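Heads up: the structure comes next, in structure tokens.
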Amino acid sequence: MDYDKLLSLSGTLGYHLLLSGAEIYRVEESVGYLLRAYGVETGEVFAIPNCIIVSLTTPEGRVLTWVRRVPDHGTDVSRMEDLNALCRRLCAQPPDLAAASALLEEAVRDRPQPGLPLRLAAYFLITSTFCLFFGGTAADALCGGLCGLAVGLVLPPLTRLGANLFFRTMVGGLSCGLTAAVLTALGVGEHLDLILTGAIMTQAPGLVVTNCMRDLMAGDVMSSLVKLAEALLTGAGIALGTGVALGLAQALWGVL
């Protein structure tokens, strides 16, 4: 058994699970199952949202450790499901390490991403639907959809430039607030508050809060606190951006 390759295989699986937005308990259990499937009972795994450490002791008593930092990431449920299925397959019938590594590389291979028109259509549909859900009129839903388009146009360039989470959410909130204020001032929208409420839902950290609570209930307190801080930072960025936009709107057009 090449324990260095096994360590790299199991660590890389955990890394990509974290990168896809998996919960901490899922990552640690998956890596632990994989190590035990290859006969390693001395494996240890420690993961938080931005780091994973995997360690094992060989039969000769040599301690091996694998560490990797996880960059800023979102959630990819499809890839998470593929990695879960791969982990179950490897644990049920463990192939040789070369074949297992090839299967893992196939599972994490980059796939074609939806084009900009499809992403903008999704932003428009989500934000307009939320406006209707919160009690807005059809005109409000139209304005909410246009606000979603504004957010969908400004976020991808900021992501490519490597802007941090707080700055991205702040600019998204600013663009959303300004668009809603302009449309309301022009008489297209009727209820500025409902338009904004629906429009900012695309940036609301709902999944982060959900995973925060799941990690807390699973006993991963450190991971839970990290995700709580991320959720609070996202909320602060949205509030700051929309607050600045509404302040400008009040000063320029008096739409509040």
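Following our numbering, the numbering of the sequence shown begins with 1152 at its first residue and continues without gaps. Virtual Cβ for every residue (Gly too), placed ideally from N, Cα, C. Given the structure is predicted, the values throughout are model-derived calculations rather than measurements.
- Nearest in C-alpha terms to Leu-1169, of all of Ile-1277, Tyr-1184, Pro-1200, Glu-1192, is Pro-1200.
- With a threshold of 16 other beta carbon atoms within 10 Å, Phe-1284 falls short and is exposed.
- Judged by DSSP in its simplified three-state form, Val-1339 adopts coil rather than helix or strand.
- Cα atoms of Leu-1254 and Cys-1282: separation of roughly 44 Å, rounded to the nearest angstrom.
- Listed in chain order, the non-local C-beta contacts of Leu-1345 below 7 Å within the same chain comprise Cys-1282, Phe-1285, Gly-1286, Gly-1287, Asp-1291, local neighbours out to five positions each way being set aside.
- The C-alpha of Leu-1316 is placed about 21 Å away from the C-alpha of Leu-1267.
- Between the C-alpha atoms of Val-1259 and Arg-1239 there is a straight-line separation of about 16 Å.
- Nearest in C-alpha terms to Leu-1297, of all of Arg-1319, Ala-1314, Pro-1307, Tyr-1274, is Tyr-1274.
- The straight-line gap separating the alpha-carbon atoms of Ala-1198 and Cys-1363 is approximately 14 Å.
- Along the length of the stretch 1308-1367, whole alpha helix (DSSP H) runs at least 4 residues long occupy 1316-1336, 1343-1350, reported in chain order.
- Separation of Tyr-1176 and Leu-1207 (C-alpha to C-alpha, rounded to the nearest whole angstrom) is 19 Å.
- Residue burial is scored here from C-beta neighbours: Gln-1354 has at least 16 other C-beta atoms within 10 angstroms and is therefore classed as buried.
- Under the Cβ criterion (8 Å, minimum of three pairs), the stretch 1302-1314 does not count as touching the stretch 1368-1380.
- Note on Pro-1356: 16 or more other CB atoms within 10 angstroms of its CB, so buried under the neighbour-count rule.
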